[in-house]
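Chains as they are written, first to last, in the numbering used here: chain Y, 1 to 258; chain A, 1 to 258.
2 protein chains.
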Amino acid sequence: VAADTPVIGIVGGVGPYAALDLARKILEETEATRDQDHLPVALLSLPASIADRSEFLLGHADANPGHAIAAVVEQLARAGCRIVGIPCNTAHAPPIFNVITRTLAARRCSIRLVNMVEEVVRSLASDHAGSVPVGVLSTTGTLRSGVYQAALAAAGMAVVTLDEATHAALVHEAVYSPRFGIKAHASPVTDEARERILEGIGRLAAARAEAVILACTELPLAVPERSVAGTTIVDATRVLARALVHAAAPDKLRRGRD
Amino acid sequence: VAADTPVIGIVGGVGPYAALDLARKILEETEATRDQDHLPVALLSLPASIADRSEFLLGHADANPGHAIAAVVEQLARAGCRIVGIPCNTAHAPPIFNVITRTLAARRCSIRLVNMVEEVVRSLASDHAGSVPVGVLSTTGTLRSGVYQAALAAAGMAVVTLDEATHAALVHEAVYSPRFGIKAHASPVTDEARERILEGIGRLAAARAEAVILACTELPLAVPERSVAGTTIVDATRVLARALVHAAAPDKLRRGRD
């Protein structure tokens, strides 16, 4: 590892397990055979300070969590990070993400914030020349924000989604249900959460999606597979991990994946 | 989570996967049903700056990694951490650990450093009133340093170890072999590494150990079980995780384990 390799910052706590999943995928996507080969990483998890992103987008809470996320990014910058990833797709919905970028700009924080949505669409565009129908599974807030639909359409890709009620029951509930959701039961994930997400993938595949984006960072905790019943699974967390490794040290990026 | 809850610091990179395993076990050992219930944690992983602990203890390298570890602890303190854990048993061997504590004292860094070895012995003493024979599996450096043997003996517990050549082949190699060791192949761990560690546990059990300490933080990555063939497995990483949660917020410690 070169001495001037930038430190990768991770905004932790959104959610806590998802942030560790990103950190782990950064290790997995780095060429390394001993401890010293791995890249410098700082993870700051202050979950109690960051209000729920879905609650804000759905209009159930007033405080925009973008301000608290920007404060964590600033702390990472002060600790020496020059590249930062936020392992929460919902935080990339424009009502939150724009507050993060505006706050950082106002405070003259010049850290490079890697945009997970842009990276996922870029990765899909490079893997699938031409237009394939792509399905999206996310929180209801991310779905309603249209952030993935807009980015995919701008790249010329057709988007497949489920109607909102079905999507909420199969995906949002798999993340947020107090009884079986991943935020309350991450280790291990419940069978109920996994089955609902698999059902969502199956319905998108039946609607002719050739790839399905797991566009909420809790989802790959339940479905780690790279394909399900012939449908390619695009793990947004792994795409972000690879983008962060590439941004910090392109020669260290593990080959043969993406 | 109370607003004055201290931030838990994790010295990352020693090794990188082990640090994430500690961070994950801190989450698992915290009473939480939503993101905001989890404790504040900062993890700083600068693996290239910290020389291999075993190489130093075995006399194959001159630089004492204790200085670099102390520097990471200081950075965590500057970032606001008040409690720190080091998820590397080998770094707790006195030739390294004493340098860490002396360096921090000289720089007037008053952070609370939770000692993994002391916590493991305390946990065993509280679970097993009276003396049970306890086996120890670790790197060869930790074994030679005698840090676990001394702490267990001081607590009145009989210690079972393997002869050094057997221990090196079954445990040190499972961690360090470039071909199958956990440091080079952590995700997934190789069958060969797991089989060797299980063989080590089996031999200690045959030598009448009633509990076996996984006293190297790579070992639970290969053997997550809480018991193997009737022998209790003491995961030093999980004990450290519980000690850190208890130190930061005792009322948040998950009940019914230890």
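We put the beta carbon where it would ideally sit given N, CA and C, even for glycine.
Owing to the predicted nature of the structure, the values given are computational and were not obtained by experimental measurement.
- Counting along the chain, the unbroken beta strand (DSSP E) around Asp235 (chain Y) starts and ends at Thr231 to Asp235.
- Residue contact with chain Y for Ser45 (chain A): present (Cβ-Cβ distance below 7 Å to some residue of chain Y).
- CA-to-CA, the gap between Asp127 (chain Y) and Pro47 (chain A) works out to about 33 Å.
- Val120 (chain A) is not a Cβ neighbour of Ala155 (chain A), given a cutoff of 7 Å.
- Listed along chain A, the residues sitting closer than 8 Å to Ser187 (chain Y) by beta-carbon distance are Arg24, Leu27 and Glu28.
- A distance of 7 Å or more separates the beta carbons of Thr232 (chain Y) and Ala205 (chain Y).
- The stretch 220–230 of chain A and the stretch 140–154 of chain A do not touch, with fewer than three beta-carbon pairs separated by less than 8 Å.
- For Val99 (chain Y), the enclosing alpha helix (DSSP H) has its first and last residue at Pro94 to Ala106.
- At a cut-off of 7 Å, the C-beta of Lys183 (chain Y) has a neighbouring C-beta in chain A.
- Excluding five sequence positions before and after Lys252 (chain Y), the CB atoms of its chain that fall closer than 7 Å to its own CB belong to Thr30, Glu31, Leu39 and Val245, given in chain order.
- Straight-line spacing of the CA atoms in Thr237 (chain A) and Arg226 (chain A) works out to 12 Å.
- In this structure, Gly80 (chain Y) keeps its C-beta atom at 7 Å or more from the C-beta atom of Ser45 (chain Y).
- Between Val7 (chain A) and Ala42 (chain A) a beta carbon distance of about 6 Å is seen, short of the 8 Å cut, so the two are scored as contacting.
- By the 16-neighbour rule on beta-carbons within 10 angstroms, Pro224 (chain A) is exposed.
- Chain-order list of chain A residues neighbouring Arg34 (chain Y): Lys183 and Ala184, by C-beta distance under 7 Å.
- Within the same chain, Val11 come within 6 Å of Ile86 (chain Y) by CB-CB distance, once the 5 residues on both sides are set aside.
- Interface flag for Gly141 (chain A) against chain Y is unset, since no Cβ pair is found closer than 7 Å.
- For Ser227 (chain Y), the three-state secondary structure derived from DSSP is strand.
- DSSP, read as helix, strand or coil, puts Leu76 (chain Y) in helix.
- With a cut-off of 8 Å on Cβ pairs, the stretch 91–101 of chain A is in contact with the stretch 134–146 of chain A, counting three or more such pairs.
- Cα atoms of Gly181 (chain A) and Glu74 (chain Y): separation of roughly 38 Å, rounded to the nearest angstrom.
- In the three-state reduction of the DSSP assignment, Arg194 (chain Y) falls in the helix class.
- In the three-state reduction of the DSSP assignment, Thr30 (chain A) falls in the strand class.
- Secondary structure at Ala51 (chain A): coil, using DSSP grouped into helix, strand and coil.
- Taking a 10 Å sphere around the C-beta of Ser110 (chain Y), we find fewer than 16 other C-beta atoms and assign the residue as exposed.
- Contact of Leu253 (chain A) with chain Y by beta-carbon distance below 7 Å is absent, the smallest such distance being about 16 Å.
- When the beta-carbon positions are compared, Leu240 (chain A) and Gly200 (chain A) stay at least 7 Å from each other.
- Within the stretch 65–77 of chain A, contact with chain Y at the beta-carbon level (separation under 8 Å) is assigned to Gln75.
- Partner residues in the beta bridge of Cys81 (chain A), as assigned by DSSP, are A:Val7.
- Counting the other CB atoms within 10 Å of its CB gives Asn98 (chain A) a total below 16, which places it among the exposed residues.
- Burial state of Pro178 (chain Y) is exposed, judged by a 10 Å Cβ sphere holding fewer than 16 other Cβ atoms.
- The alpha-carbon of His67 (chain Y) is positioned some 10 Å away from that of Ser49 (chain Y).
- The secondary-structure analysis by DSSP pairs Gly12 (chain Y) across a beta bridge with Y:Ser45.
- Pairing Ala51 (chain A) with Ala70 (chain A) gives a Cβ-Cβ distance that is not under 7 Å.
- Judged by DSSP in its simplified three-state form, Val114 (chain Y) adopts strand.
- Within chain A, not a single residue places a beta-carbon under 9 Å from that of His92 (chain Y); the smallest gap is close to 16 Å.
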